[in-house]
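Chains as they are written, first to last, in this note's numbering: chain A, 68 to 263; chain B, 492 to 673.
Backbone N, C-alpha and C define an ideal beta-carbon position, used for all residues, glycine too.
Source: prediction; values computed, not measured.
This report refers to the structure that appears directly beneath it.
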């Protein structure tokens, strides 16, 4: 009897290893490539009581995603802040200047998700936003829609995140006031992601 | 005494007249101040200028509606035909300018891509799509109209003073509060 049980151990161990390896092989999140020409990253803010809009035309994305393996999924965005564009040269220069984004010293911003979770509407990425030299917790909400285009699997990722600009020091001196430029900046994105 | 009579402007017409006078003077002060500012201070001054401009536009609209629903005190019968023509010309021009000047400012803001709000209370729709050449043209137009308004208003002021001190009629007094018109 004892020998019987002892003999079963190696088999069980083998089965466990096999199960684990097939599970991870089936759900290892694939890395998607950003289709920069069909993707936008924009920000809206209140200026003098009116909604205004700008965009970050240059950013890179490291996105690996599997719906059944969110723990191993990854979302990491690096934004070229200096390339910001609000369709107004004078305002862009002001935004790039020391009191606001200070792009000479902090040319990039980065969001790194540490945890992806499912929500009622889609997903939420909790992580860290590093902006103007300040790192703070930030949450990003997004939804995904998959499609097949010319035989390729693509994902459309749409979402937003509310950034409190003063938490990151975007607004020094006069610009600390929120009377003329609101404290809340909504970052929205529409991305086209191509499966490997 | 709120309504006009055939000899005197009523309280409402006087309110429109003098409020718009004060607001226009404020507009010149703000616009000229903004030229020497930059950054947030310029933004704040120009935002106030826009809000006051919209206020003038709204008051102008109400003022014209009020005028059409009230008697208009006539010009003195003693005026010569050319004086009568000048009076009508300056009055018509001033009425037009208190509409067109704010409107060109509004178009200018829209064309620049900076939507207009009214004292941070509500945002106004854009009158035109963003258009840099149109913006540049509107900057010049708005400025020219503003100085034209200042010039015609000066004529209007001089004429009012001439009526009061030279012709010694009631034309100035009937637009002044706290005065009596026989």
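Report the neighbours of residue i on chain B: residues whose CB is nearer than 8 Å to its CB, in chain order.
i             : result
residue 241/A : 530, 531, 532
residue 154/A : 604, 621
residue 244/A : 531
Can you tell me which of the three DSSP states residue i falls into?
i             : result
residue 128/A : strand
residue 263/A : coil
residue 493/B : coil
residue 138/A : helix
residue 203/A : strand
residue 597/B : helix
residue 111/A : strand
residue 226/A : strand
residue 88/A  : Bear in mind that the predicted position of residue 88/A carries a pLDDT of just 49, short of 50, making it too unreliable to give a figure here.
residue 582/B : helix
residue 221/A : strand
residue 634/B : helix
residue 244/A : coil
residue 605/B : coil
residue 530/B : helix
residue 193/A : strand
residue 106/A : coil
residue 212/A : strand
residue 144/A : strand
residue 255/A : strand
residue 559/B : helix
residue 671/B : coil
residue 541/B : helix
residue 566/B : coil
residue 172/A : coil
residue 728/B : The displayed coordinates of chain B run from 492 to 673. Any statement about residue 728/B would go beyond what the structure contains.
residue 167/A : coil
With a Cβ-Cβ cutoff of 7 Å, do residue i and residue j count as a contact?
i             : j             : result
residue 178/A : residue 151/A : no
residue 154/A : residue 596/B : no
residue 231/A : residue 250/A : yes
residue 137/A : residue 167/A : no
residue 96/A  : residue 149/A : no
residue 210/A : residue 111/A : no
residue 667/B : residue 651/B : no
residue 541/B : residue 607/B : yes
residue 562/B : residue 495/B : yes
residue 675/B : residue 636/B : Residue 675/B lies beyond the residue range present for chain B, which begins at 492 and ends at 673; the question has no answer from this structure.
In chain A, which residues lie less than 7 Å from residue i when you measure between Cβ atoms?
i             : result
residue 608/B : 115, 116, 117
residue 527/B : Near residue 527/B there are no residues of chain A at all, since even the closest Cβ is about 15 Å away, more than 7 Å.
I'd like the span of the alpha helix (DSSP H) that includes residue i, first residue to last.
i             : result
residue 512/B : 502-525
residue 118/A : It is not in any alpha helix (DSSP H) - residue 118/A instead sits in the beta strand (DSSP E) that spans 117-122.
residue 161/A : 156-163
Determine the chain A residues that contact residue i at a beta-carbon separation under 8 Å, and present them in chain order.
i             : result
residue 560/B : Going along chain A, no residue has its Cβ under 8 Å from residue 560/B, so there is no contact; the nearest lies around 33 Å.
For the beta strand (DSSP E) containing residue i, list its first residue and its last residue.
i             : result
residue 98/A  : 98-101
residue 179/A : 175-185
residue 664/B : Unbroken run through residue 664/B: none, as it is neither H nor E.
Using a cut-off of 9 Å between C-beta atoms, extract the partners of residue i located in chain A.
i             : result
residue 612/B : 116
For chain E, find out if any of its Cβ atoms is closer than 7 Å to the Cβ of residue i; answer yes or no.
i             : result
residue 568/B : No chain E is part of this structure, whose protein chains are labelled A and B.
Notebook entry, point to check: Of the residues that make up the stretch 156-169 of chain A, which ones have a beta carbon closer than 7 Å to any beta carbon in chain B?
Noted result: 161
Next item on the list: Closer than 7 Å, Cβ to Cβ, to anything on chain A: give me those residues from the stretch 533-555 of chain B, in chain order.
Entry: 534, 535, 538
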